[in-house]
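These notes are about the structure you will find just below.
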Amino acid sequence: MVRIGVFSVLYTVPATIVLACYFYEQAFRSTWEKTWLLQTCKTYAVPCPSHFAPMSPDFTVFMIKYLMTMIVGITTGFWIWSGKTLQSWRRFYHRLSTGSKGETAV
Numbered sequence: 001m002v003r004i005g006v007f008s009v010l011y012t013v014p015a016t017i018v019l020a021c022y023f024y025e026q027a028f029r030s031t032w033e034k035t036w037l038l039q040t041c042k043t044y045a046v047p048c049p050s051h052f053a054p055m056s057p058d059f060t061v062f063m064i065k066y067l068m069t070m071i072v073g074i075t076t077g078f079w080i081w082s083g084k085t086l087q088s089w090r091r092f093y094h095r096l097s098t099g100s101k102g103e104t105a106v
């Protein structure tokens, strides 16, 4: 019971942070695109946006998003790759390499 509780916290908290980062990206994406357009409009001879306050994305938010995504994956890996799972894979590869049927469950 403790194991699933720890897994829940270690999965839910980083996943929630990743969702918050996605909302941040969605909320400010159009502003970032206008800023990019303002910086490159003269180079490509396209109309420049007027009456606009430039804003750039926060690098820290993106790094936190990627870190939390990795933490979610690592947490899931610890849950999936337990000793029982590794033993099952060993039996599978042993049966595969020796050609034996092994034990069967009905």
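The letter at position 23 of the sequence shown is residue 23 when you use full-length UniProt numbering, and the numbering goes up by one with no holes. All residues carry an ideal CB built from backbone N, CA and C; glycine is no exception. Keep in mind the model is a prediction, meaning the values are calculated, not measured.
Rounded to whole angstroms, G5 and S82 show a C-alpha spacing of 16 Å. With at least 16 other beta carbons inside 10 angstroms of its own, T75 counts as buried.
Secondary structure at P14: helix, using DSSP grouped into helix, strand and coil. Here A27 carries a helix assignment [DSSP, helix/strand/coil].
Non-local beta-carbon contacts of Y24 in its own chain, meaning distances under 7 Å to residues more than five positions away in sequence, involve V61 in chain order. Around the CB of M70, fewer than 16 other CB atoms lie within 10 Å, so the residue is classed as exposed. The residue from L10, S88, Q26 and A53 with its alpha-carbon nearest to that of Q39 is A53. Residue environment analysis places C21 among the buried positions, since at least 16 neighbouring C-beta atoms fall within 10 angstroms of its C-beta.
The DSSP-derived three-state label of S88 is helix.
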